[in-house]
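Asker: So the sequence lines, in the order shown, correspond to chains U and X. Numbering-wise, the first sequence is residues 43 to 197 according to my numbering. Numbering-wise, the second sequence is residues 3 to 220 according to my numbering. For each residue, glycine too, the CB sits at the ideal point set by N, CA and C.
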Amino acid sequence: MTSNSLPFGLDIFAQGAIPYIDHYPNDELVRMVINIYLANQLISIPAIIDTGAPWCVLNPLILEDIANDIEAIRSINRPLNIRGIAYTGWLYRVPIHIPALLGKPLDIEATAFIPNLSPTETWSYPNFVGLQGFLDRIRFAVDPSSNMFFFGKLV
Amino acid sequence: MLVLGKFAFGGIINRYVNIFTEGIMTIQLVDEIKTQEIKEDITHKQQTVKQQNINPIKATPTSEIMAELNEAADNTDHHAYHRLINQIDWDLAEADVLDEALGVTISFADMKQTKRLATLGYKRFPEHKGIVGAWKLVNPKPAQVAKKREDTPPNWFKDSMDWLSSHVHDYQKGHWMAVNADSLVTEAPTYAELNQKLAKLRNNSKIDGPILVHQVIS
Numbered sequence: 043m044t045s046n047s048l049p050f051g052l053d054i055f056a057q058g059a060i061p062y063i064d065h066y067p068n069d070e071l072v073r074m075v076i077n078i079y080l081a082n083q084l085i086s087i088p089a090i091i092d093t094g095a096p097w098c099v100l101n102p103l104i105l106e107d108i109a110n111d112i113e114a115i116r117s118i119n120r121p122l123n124i125r126g127i128a129y130t131g132w133l134y135r136v137p138i139h140i141p142a143l144l145g146k147p148l149d150i151e152a153t154a155f156i157p158n159l160s161p162t163e164t165w166s167y168p169n170f171v172g173l174q175g176f177l178d179r180i181r182f183a184v185d186p187s188s189n190m191f192f193f194g195k196l197v
Numbered sequence: 003m004l005v006l007g008k009f010a011f012g013g014i015i016n017r018y019v020n021i022f023t024e025g026i027m028t029i030q031l032v033d034e035i036k037t038q039e040i041k042e043d044i045t046h047k048q049q050t051v052k053q054q055n056i057n058p059i060k061a062t063p064t065s066e067i068m069a070e071l072n073e074a075a076d077n078t079d080h081h082a083y084h085r086l087i088n089q090i091d092w093d094l095a096e097a098d099v100l101d102e103a104l105g106v107t108i109s110f111a112d113m114k115q116t117k118r119l120a121t122l123g124y125k126r127f128p129e130h131k132g133i134v135g136a137w138k139l140v141n142p143k144p145a146q147v148a149k150k151r152e153d154t155p156p157n158w159f160k161d162s163m164d165w166l167s168s169h170v171h172d173y174q175k176g177h178w179m180a181v182n183a184d185s186l187v188t189e190a191p192t193y194a195e196l197n198q199k200l201a202k203l204r205n206n207s208k209i210d211g212p213i214l215v216h217q218v219i220s
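1) Distance cutoff 9 Å, beta carbons only. Does residue 175 of chain U sit that close to anything in chain X?
2) Which residue from U:79, U:56, U:55 and U:52 puts its Cα closest to that of residue 159 of chain X?
3) Between residue 211 of chain X and chain A, is the shortest Cβ-Cβ distance under 9 Å, so that the two count as touching?
4) So what's residue 157 of chain U in DSSP terms, helix, strand or just coil?
5) What does residue 99 of chain X touch in chain U if you count any residue whose Cβ is under 7 Å from its own?
6) Tell me, please, which residues DSSP counts as bridged to residue 181 of chain X.
7) With burial defined as no fewer than 16 other Cβ atoms inside 10 Å of the residue's Cβ, what is the status of residue 226 of chain X: buried or exposed?
8) Since residue 129 of chain U is in the beta strand (DSSP E), which residue starts that stretch and which ends it?
9) Alpha helix (DSSP H) containing residue 103 of chain U: first to last residue?
10) Which stretch, first to last residue, makes up the beta strand (DSSP E) that contains residue 195 of chain U?
11) Starting from residue 185 of chain U and walking both ways along the beta strand (DSSP E), at which residues does that stretch end?
12) Considering only C-alpha positions, which residue in the set U:56, U:55, U:46 and U:62 is nearest to residue 187 of chain U?
13) Which of the three DSSP states is assigned to residue 174 of chain X in this structure?
14) Let's see if you can read the secondary structure: which residues bound the alpha helix (DSSP H) around residue 13 of chain U?
15) By Cβ distance, which residues of its chain are closer than 8 Å to residue 203 of chain X, with the 5 residues on each side in sequence left out?
16) Which residue from U:149, U:86 and U:124 puts its Cα closest to that of residue 197 of chain X?
17) Could you work out which residues of chain U lie near residue 205 of chain X, taking near to mean beta carbons separated by less than 9 Å?
18) For residue 49 of chain U, return the contacting residues in chain X, with the cut-off set at a CB-CB distance below 7 Å.
19) Report the option in U:163, U:121, U:112 and U:118 whose CA atom is closest to the CA atom of residue 152 of chain U.
20) Going by Cα to Cα distance, which pick from X:115, X:163 and X:218 is closest to residue 193 of chain X?
21) Within 10 angstroms of the Cβ of residue 55 of chain X, are there 16 or more other Cβ atoms? Answer buried if so, exposed if not.
22) Determine the chain X residues that contact residue 96 of chain U at a beta-carbon separation under 7 Å, and present them in chain order.
23) I believe residue 121 of chain X touches residue 115 of chain X by the beta-carbon criterion, under 8 Å. Please report the beta-carbon distance rounded to the nearest angstrom.
24) With DSSP run on the structure shown, which of helix, strand or coil describes residue 171 of chain U?
25) Looking at chain X, which residues of the segment 62-81 of chain U have a Cβ within less than 9 Å of any of its Cβ atoms?
26) For residue 75 of chain U, write down the residues that DSSP places opposite it in a beta bridge.
27) By the criterion of Cβ-Cβ separation under 8 Å, what are the contact partners of residue 161 of chain U in chain X?
28) In chain order, what residues of the same chain lie with their CB nearer than 6 Å to the CB of residue 53 of chain X, ignoring the 5 residues before and after it?
29) For a test of the three-state rule: what should DSSP assign to residue 151 of chain U, helix, strand or coil?
30) I'd like to know whether the C-beta of residue 185 of chain X is nearer than 9 Å to at least one C-beta of chain U.
31) Specify, as a first and last residue, the run of the alpha helix (DSSP H) that residue 194 of chain X falls within.
32) State yes or no: is the C-beta of residue 161 of chain U within less than 9 Å of the C-beta of residue 89 of chain U?
33) Determine, using beta carbons only, whether residue 86 of chain U comes closer than 9 Å to chain X.
34) Would you mind working out which of U:133, U:144, U:142 and U:147 sits nearest residue 154 of chain U, comparing C-alpha positions?
35) For residue 192 of chain U versus residue 182 of chain U, is the C-beta spacing smaller than 9 Å?
36) Please report the straight-line C-alpha distance between residue 130 of chain X and residue 99 of chain X, rounded to a whole angstrom.
This is the structure we're talking about:
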């Protein structure tokens, strides 16, 4: 077993693991935050793991940048409440890459909500990876003693 | 006489004991019968409910019922929603009605019902854009093990996030930063400008290592 392999036994459940941080910059709450890559981007972004979020909610400006790699699949006409503000928008298929410190990374076809913003409106929320459209497409586990987020394909 | 009396008295006692015993047995028998009847009644009711679940009497998706469903969604009335969504015979629904219903199930983030209606709708109306969209929503490609994009040291993400947490207050809300562990690579007031700067640095081979990008949110 090499030093970047998953601990014995965990490789039955997961393919990879990544450290998570317990805070998001400028956010007071305790969180679980990992870094993810969108589509084929060479940069990664921090994203809060949130089982309470129905979809992934990602910064619209970053998603504009990868417009060719994402697919609009369904409009959301009933406003989605994001931190107290209601937004309509679209659901998109967004490829997300979870890098791995241990084991192997995973590519997921996630579903993200992109809000309709007015020209003068700015986006000022964290990135979220939610239950529907991300976490429900993988196996995942958390080890708080080592701050590790384990992930793997569904069987 | 005494013997006879004793015999008679004993007979009377026996008779009442028998009656008493018979009474107990009768009560027991009645209880058993009643219990059995109750059991049969329960079994019958269970079978009826089961039969109803297999062949429930469903409602046609009329405009009135659809209005009720939409109202449930507008009011976030989960109880009414669950009652109606299961009550309606979606096999009778036209494409636009199904699409409307999918808008409701998605608004409730009810993926089970979304999958049910989308699957049903996709079979019947594979060209309807809204239905196809919903079908795609519930039929993603499976997650795949991927190739590593770049090597990151074990503490890279923590160091990057710690740097951001320490320095976000130096920038205005909405400002963009690109960091690599405990150092700032570049920053810009807009994402477009940040990308331009990063591209320039890459072209000049001045980016060494992974990059984490963050926008100041407050």
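Answerer: Checking against the coordinates, here is how it stands:
1) yes
2) Of the listed residues, the one whose Cα sits closest to residue 159 of chain X is U:79.
3) Although the question refers to chain A, the structure presented lacks it and instead comprises the protein chains U and X.
4) strand
5) When 7 Å is used as the limit between beta carbons, residue 99 of chain X is near no residue of chain U, the shortest such separation being about 15 Å.
6) X:186 and X:214
7) Because chain X here runs from 3 to 220, residue 226 of chain X falls outside it and cannot be looked at.
8) 127-140
9) Element bounds for residue 103 of chain U: 102-107.
10) 190-195
11) 180-185
12) U:62
13) coil
14) Residue 13 of chain U is absent from the model: chain U starts at 43 and stops at 197.
15) Answer for residue 203 of chain X: 187, 188 and 209, listed in chain order.
16) U:86
17) Those within 9 Å of residue 205 of chain X in chain U number zero; the least Cβ separation is about 13 Å.
18) Residues of chain X passing the Cβ test: none, with the nearest at roughly 15 Å.
19) U:112
20) Restricting attention to X:115, X:163 and X:218, the CA atom closest to the CA of residue 193 of chain X is found in X:218.
21) Its pLDDT being 47, under 50, residue 55 of chain X is placed unreliably in this model, and the value from its coordinates should be taken loosely. Exposed, since its Cβ has fewer than 16 Cβ neighbours within 10 Å.
22) 111
23) Actually they do not touch by this definition, with Cβ atoms about 11 Å apart.
24) strand
25) 62, 63, 65, 66, 67, 68, 69, 75, 76, 77 and 79
26) U:63 and U:90
27) Result: empty, since nearest Cβ-Cβ is about 14 Å, beyond 8 Å.
28) Only weak support exists for where residue 53 of chain X lies, its pLDDT of 48 falling under 50; the value from the coordinates is given anyway. Beyond the five residues adjoining it in sequence on each side, residue 53 of chain X comes within less than 6 Å, by CB distance, of no other residue in the same chain.
29) Here residue 151 of chain U sits in strand by DSSP.
30) no
31) First-last of the alpha helix (DSSP H) with residue 194 of chain X: 193-205.
32) No, these two residues do not count as a Cβ contact at 9 Å.
33) Taking 9 Å as the CB threshold, residue 86 of chain U lines the interface with chain X.
34) For the set U:133, U:144, U:142 and U:147, the Cα lying nearest the Cα of residue 154 of chain U is the one of U:133.
35) yes
36) 11 Å
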